[in-house]
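Q: Here it is, the structure, as structure tokens.
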Amino acid sequence: LMETRPMPQHNAFAWFYLGAFLVAVIAWFLLGNAQKMPQTTLQWGILVFLGVVASGIGYFMWNYGATQV
Numbered sequence: 089l090m091e092t093r094p095m096p097q098h099n100a101f102a103w104f105y106l107g108a109f110l111v112a113v114i115a116w117f118l119l120g121n122a123q124k125m126p127q128t129t130l131q132w133g134i135l136v137f138l139g140v141v142a143s144g145i146g147y148f149m150w151n152y153g154a155t156q157v
């Protein structure tokens, strides 16, 4: 598909992360417990760091590098 309709890497990953976000939200509504959500800004900051920086940017850069080889 990328050969016939090329798109920038960040657009392709935006769709991937949107789909993953929707799956996570639906799973949380079905299986989650609101009483066990993080309570402090430090806890939220750690979750944001792990989700955005460690996972998000790391996964994007890994796959971007794989396309350059």
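Numbering (this note's numbering), first residue to last: 89 to 157.
Even glycine gets a Cβ: it sits at the ideal position worked out from N, Cα and C.
To the nearest whole angstrom, what separates the beta carbons of PRO97 and TYR152, a pair I think is in contact under 8 Å?
A: Taking the sequence shown and counting its residues from 1, one reaches residue 97 at position 9. Taking the sequence shown and counting its residues from 1, one reaches residue 152 at position 64. Here residue 97 turns out to be Gln, not Pro, going by the sequence shown. That belief holds up - the Cβ atoms of GLN97 and TYR152 are roughly 5 Å apart, short of 8 Å.
Q: Given this structure, state the Cα-to-Cα distance separating PHE109 from TRP116, to the nearest angstrom.
A: Your numbering for residue 109 matches position 21 in the sequence shown. Your numbering for residue 116 matches position 28 in the sequence shown. Whole-angstrom Cα-Cα distance: 10 Å.
Q: If contacts are defined as beta-carbon pairs under 8 Å, then LEU135 and PRO126 qualify, I think. What distance do you get, rounded to the angstrom?
A: Within the sequence shown, residue 135 is the residue found at index 47, counting from 1. Within the sequence shown, residue 126 is the residue found at index 38, counting from 1. So it is a contact: roughly 6 Å between Cβ atoms.
Q: Helix or strand or just coil, what does DSSP make of VAL157?
A: The sequence position of residue 157 within the sequence shown is 69, counting from 1. In this structure, VAL157 counts as coil in the three-state DSSP scheme.
Q: Give the secondary structure of THR129 by DSSP, where H, G and I count as helix, E and B as strand, and everything else as coil.
A: Position 41 of the sequence shown, counting from 1, holds the residue named residue 129. Helix, per DSSP.
Q: Between THR155 and the rest of its own chain, which residues show a CB-CB distance below 8 Å, the 5 nearest in sequence each way excluded?
A: For the purposes of this step, residue 155 is taken as residue 67 along the sequence shown, with counting starting at 1. These residues qualify, in order along the chain: GLN97.
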